[in-house]
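K.L.:
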Amino acid sequence: MGIRTLIVMLVASILLIAYLATRDTYSLFLPGLLQGAALTAQITVLGCLLAVAMAILSALGKLYGPTPIRWLANLYIEIFRGTSALVQLFWLFFVLPQFGVSLDPFAVAVLGLGLNIGAYGAECVRGAIQSVARGQWEAATALNMTRIQMLRRIILPQAFIAMIPPWGNLFIELLKSTALVSLITLSDLAFKAQQMNQTTMKTIPIFTLVLLIYLVLSLLITIGMRLLEQRAAKGLARGRTA
Amino acid sequence: MWDWAFTFEILPTLAKAAVISIEATLFGFVLAATLGLVLALLRIAFPWTAWPISVLVELIRSTPLLIQIFFLYFVFPSFGVTLDAFTAGVLALGIHYAAYCSEVYRAGFDNIPRGQWEASIALNLSPWTTFRDIIIPQAIPPIVPALGNYLVALFKETPLLSAIAVLELMQTAKIIGSETFRYTEPITLVGLFFLAMSLVSATFIRAAERLLNRRPAR
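Chains as they are written, first to last, in this note's numbering: chain A, 438 to 679; chain B, 18 to 235.
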């Protein structure tokens, strides 16, 4: 979808929420749901940061690390990609305390989702790094750069551009996975919805608002990533012609 | 820490629950694959359905599956249709992944050269025959691996059905945990089961990919 269509959808859904907020059946639920949405957004942002860090570390480990590190990175990626996010969250929440490590639910949420998406992200970072032309490495070697310098100044900035679209999808995956944290007692958007649904049984207004709020959040991510992509690509074009 | 006797005691119960998880996966995926194809075809066949369907697909893809499961499970009764938890869960899984699958099909159809359509028109084939005998046989094989990936993804989402108390693997593990106060073994076993299944199916998908790539080029 084009960025304009996305912006139209964003504006339309915000207007729809605003319109629904003027009606009694809906306005009752909105403040509580927005509170939940704030927590959802918080977990999403922190989870994304952790995911990016884990993805870059494990992709570099897998590509250039010594054998034990490569092995560790592979193990991390396979385990977190091979099991479901909910199982991982429950494991961190219920099983880890038995081994003497008790985390509060918020930390479990950020850690679980960040590690989960980070494992998927590792593959997309690896793909992006490998898509940088060989000549770039050779030129950097010719300029007598160290391996770290090459990665930091030549390879990663170029790989970054190829990474943006898949990361956009992963961030949306992460946003959607945050609904799972309602099952480990955090009162995020999904939890608030369920709680209100159980007490009032007004299913349609509650879930309509919830779906709209999630839609707004994910459209914000999509549009943000598209803009970032445009900016980054522009920089690349300038760099090449100059 | 780890009690082997307890592990063997709960293994049969978990195995029985695994069957439910696999059933939900298969039913859900059949629904997703067919509904996804219908969505993709509608998008191509009629210009006026293209826009509403792409908005619908975007909507389904950008909201959490968990909320969609709750929505189906709690909303249908207010229209007088009561779905049991398993049906609601399978429906939600199927519809959610149909949105993803429709994009895969669309990519498959986009890869068919225009000449194939034009040749079918020249041969005076009806649109239905063109789709059934010309387009679909060429469009589907290349996208089988992508569909396979969504099958695995769908399988990994089945634990969400535990949220509406379907007695699948995760729910059973949680019940065992709350009855015995031992979560370590059941939840770890569930994790290992998913890991094993994903690794096995990844091998199958790679094999399918190789098999399809071996076909003579068009």
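Every residue gets a Cβ at the ideal spot worked out from N, C-alpha and C, and that includes glycine.
1. What's the C-alpha gap between residue 95 (chain B) and residue 192 (chain B)?
2. Around the Cβ of residue 671 (chain A), are there at least 16 other Cβ atoms within 10 angstroms (buried) or fewer (exposed)?
3. Cβ closer than 9 angstroms: which chain B residues qualify as neighbours of residue 630 (chain A)?
4. Taking Cβ to Cβ, would you say residue 492 (chain A) is nearer than 7 angstroms to residue 544 (chain A)?
5. Would you give the residue range spanned by the alpha helix (DSSP H) that residue 533 (chain A) belongs to?
6. Quick one: is residue 679 (chain A) near chain B, going by C-beta distance under 7 angstroms?
7. Measure from the alpha carbon of residue 488 (chain A) to the alpha carbon of each residue in A:496, A:459, A:449 and A:554, then state which is nearest.
8. When DSSP labels each residue in this structure, what does residue 639 (chain A) get in the three-state scheme?
9. Just the chain B side, please: which residues come within less than 8 angstroms of residue 597 (chain A) by C-beta, in chain order?
10. Counting only C-beta atoms, is residue 208 (chain B) closer than 7 angstroms to chain A at any point?
11. Against chain B, does residue 657 (chain A) count as a neighbour if the rule is that its beta carbon must be under 7 angstroms from one of theirs?
12. Are there three or more Cβ pairs, one per stretch, closer than 8 angstroms when the stretch 564-577 of chain A is compared with the stretch 590-598 of chain A?
13. Could you work out which residues of chain A lie near residue 92 (chain B), taking near to mean beta carbons separated by less than 8 angstroms?
14. Which two residues bound the contiguous alpha helix (DSSP H) that contains residue 98 (chain B)?
15. For the 8 angstroms Cβ check, are there 3 or more pairs between the stretch 146-155 of chain B and the stretch 494-505 of chain A?
16. Using beta carbons (cut-off 7 angstroms, strictly below), is residue 43 (chain B) in contact with chain A?
17. Taking all protein chains shown into account, do 16 or more other C-beta atoms lie within 10 angstroms of the C-beta of residue 575 (chain A), making it buried, or fewer, making it exposed?
18. Report the option in B:26, B:90, B:140 and B:72 whose CA atom is closest to the CA atom of residue 116 (chain B).
19. How would you write the range of the alpha helix (DSSP H) that residue 508 (chain A) sits in, first residue to last?
20. For residue 644 (chain A), I'd like the list of residues in its chain whose CB is within less than 8 angstroms of its CB, leaving aside the five on either flank, ordered along the chain.
21. Going straight from the alpha carbon of residue 137 (chain B) to that of residue 461 (chain A), what length do you get?
22. Check whether chain B comes within 7 angstroms of residue 463 (chain A), counting only Cβ atoms and requiring the distance to be less than that.
23. Measure from the alpha carbon of residue 398 (chain A) to the alpha carbon of each residue in A:621, A:657, A:443 and A:600, then state which is nearest.
24. Could you tell me whether the Cβ of residue 676 (chain A) comes closer than 7 angstroms to any Cβ of chain B?
25. Threshold first: 4 residues or longer. Then list the alpha helix (DSSP H) segments lying entirely within the stretch 147-220 of chain B, N to C.
26. Can you look up residue 570 (chain A) in the DSSP assignment and give me helix, strand or coil?
27. Go ahead and pull the three-state DSSP assignment for residue 460 (chain A).
28. Report all residues from its chain with a CB closer than 6 angstroms to the CB of residue 276 (chain B); omit the five preceding and five following residues, and keep chain order.
29. Report the rounded CA-to-CA distance for residue 222 (chain B) versus residue 640 (chain A), giving the unit in angstroms.
30. Could you give the distance in angstroms between the alpha-carbon of residue 546 (chain A) and the alpha-carbon of residue 618 (chain A)?
31. Should the stretch 84-93 of chain B be regarded as contacting the stretch 658-665 of chain A, the criterion being three or more beta carbon pairs within less than 8 angstroms?
32. Quick one: using the 10 Å Cβ neighbour count with 16 as the cut-off for buried, is residue 679 (chain A) buried or exposed?
33. Report all residues from its chain with a CB closer than 7 angstroms to the CB of residue 59 (chain B); omit the five preceding and five following residues, and keep chain order.
P.N.:
Once the coordinates are examined:
1. Going by C-alpha positions, residue 95 (chain B) is about 29 angstroms away from residue 192 (chain B).
2. Taking all protein chains in view, the Cβ of residue 671 (chain A) is surrounded by fewer than 16 other Cβ atoms within 10 Å, so the residue is classified as exposed.
3. What residue 630 (chain A) touches in chain B: 84 and 87.
4. By the CB criterion at 7 angstroms, residue 492 (chain A) and residue 544 (chain A) fall outside the cutoff.
5. Where residue 533 (chain A) is concerned, there is no enclosing alpha helix (DSSP H), given that its DSSP letter is neither H nor E.
6. Only weak support exists for where residue 679 (chain A) lies, its pLDDT of 37 falling under 50; the coordinates are left without a value.
7. From the listed residues A:496, A:459, A:449 and A:554, the smallest Cα separation to residue 488 (chain A) is found for A:554.
8. Correct three-state label for residue 639 (chain A): coil.
9. Simply none; closest approach about 24 angstroms.
10. Residue contact with chain A for residue 208 (chain B): present (Cβ-Cβ distance below 7 angstroms to some residue of chain A).
11. Not one chain B Cβ lies under 7 angstroms of residue 657 (chain A).
12. In the pairwise beta carbon analysis, the stretch 564-577 of chain A is classified as touching the stretch 590-598 of chain A: at least three pairs are separated by under 8 angstroms.
13. In chain order: 640, 641 and 644.
14. Taken as a continuous stretch (DSSP letters only), residue 98 (chain B) belongs to no alpha helix (DSSP H), as it is neither H nor E.
15. Pairwise C-beta distances place the stretch 146-155 of chain B out of contact with the stretch 494-505 of chain A, as fewer than three of them are shorter than 8 angstroms.
16. At a cut-off of 7 angstroms between C-beta atoms, residue 43 (chain B) does not count as an interface residue with respect to chain A.
17. Residue 575 (chain A) sits exposed, since fewer than 16 C-beta atoms from the chains shown fall within 10 Å of its C-beta.
18. Of B:26, B:90, B:140 and B:72, the residue nearest in Cα terms is B:72.
19. Boundaries of the alpha helix (DSSP H) around residue 508 (chain A): 504-519.
20. The residues are 630 and 634.
21. If you take the alpha carbons of residue 137 (chain B) and residue 461 (chain A), they lie about 57 angstroms apart.
22. It does not; no Cβ of chain B falls within 7 angstroms.
23. In the structure as shown, chain A begins at 438 and stops at 679. Residue 398 (chain A) is therefore absent and cannot be evaluated.
24. Low per-residue confidence applies at residue 676 (chain A): pLDDT is 49, beneath 50, and the placement is therefore not dependable, though the value from the model is reported in the following sentence. Chain B, which has no Cβ nearer than 7 angstroms to the Cβ of residue 676 (chain A), makes this no.
25. 153-174 and 186-197, all fully within the stretch 147-220 of chain B.
26. Three-state result, residue 570 (chain A): coil.
27. Correct three-state label for residue 460 (chain A): coil.
28. Here chain B has residues from 18 to 235 only, and residue 276 (chain B) is not among them.
29. Taking C-alpha positions only, residue 222 (chain B) is separated from residue 640 (chain A) by approximately 40 angstroms.
30. Using only the alpha carbons, I get a separation of about 6 angstroms.
31. Of all C-beta pairs linking the stretch 84-93 of chain B to the stretch 658-665 of chain A, fewer than three are shorter than 8 angstroms, placing the two stretches out of contact.
32. Reliability of the predicted coordinates at residue 679 (chain A) is poor, the pLDDT of 37 falling under 50, and no value is obtained from them.
33. Once the five neighbours on either side are set aside, the close Cβ partners of residue 59 (chain B) are 66 and 70.
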